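Asks: First residue of the sequence shown? That's 2 in the working numbering, and the numbers climb one at a time after it. Cβ coordinates follow ideal geometry from the N, Cα and C atoms, glycine included. Owing to the predicted nature of the structure, the values given are computational and were not obtained by experimental measurement.
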Amino acid sequence: QALPEDFTVDSSKVYNGTVTTYYKFKGYGFITPDEAGTVPGDKVFAYWKNIKTEDRYPTLTKDMKVQFTLAIVEKQGVKTVQAESIAAP
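(1) Please work out which residues of its chain come closer than 8 Å, Cβ to Cβ, to Val74, disregarding the five sequence neighbours upstream and downstream, and give them in chain order.
(2) Can you tell me where the beta strand (DSSP E) holding Phe1 begins and where it ends?
(3) Using 10 angstroms around the beta-carbon of Pro34, count the other beta-carbons present and answer buried if the total reaches 16, otherwise exposed.
(4) Looking at Thr19 and Asp56, is the spacing between their C-beta atoms short of 8 Å?
(5) What residue from Tyr29, Val45, Ile87 and Gly78 has the CA that sits closest to Phe69's CA?
(6) Please report the distance separating the alpha-carbon of Asp7 from that of Lys14.
This is the structure in structure tokens:
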């Protein structure tokens with residue numbers, strides 16, 4: 002989902018949320034922040050490379066509680082919000 006032009010994130014703030022979906026073999030999923038209204042649509046994209054773990058094959062599971070930071074990324078000219086530094090609380 003494209004972000005409004007004036008949308009900003011505090012990249013230093015750590016958020017809490019719950020994994021709603023994670024496609025292990027595709028390496029991505031979505032996290033719902035605990036604070037409603039944090040991001041448009043209350044859904045944040047999570048990519049496997051942003052999971053902080055010692056595991057060779059990082060993964061998330063549905064309903065898992067996580068902490069994360071937010072970053073605005075641009076993909077094909079569309080700005081979206083993405084979870085970074087994803088870790089268990």
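Replies: Taking the definition as stated:
(1) As a working note, residue 74 is residue 73 in the sequence shown. Excluding residues within five positions, the ones whose Cβ falls inside 8 Å are Lys80, Thr81, Val82 and Gln83.
(2) Nothing can be reported for residue 1: it is not among the residues displayed for the chain, which extend from 2 to 90.
(3) For the purposes of this step, residue 34 is identified with residue 33 of the sequence shown, where counting begins at 1. When all chains shown are included, Pro34 counts as buried.
(4) Sequence index remark: in the sequence shown, residue 56 carries index 55 (1-based). Sequence index remark: in the sequence shown, residue 19 carries index 18 (1-based). Contact flag unset, no.
(5) As a working note, residue 69 is residue 68 in the sequence shown. Out of Tyr29, Val45, Ile87 and Gly78, Ile87 has the C-alpha closest to the C-alpha of Phe69.
(6) As a first step, residue 7 must be located in the sequence shown, where it is residue number 6. As a first step, residue 14 must be located in the sequence shown, where it is residue number 13. Taking the straight line joining both Cα atoms gives about 19 Å.
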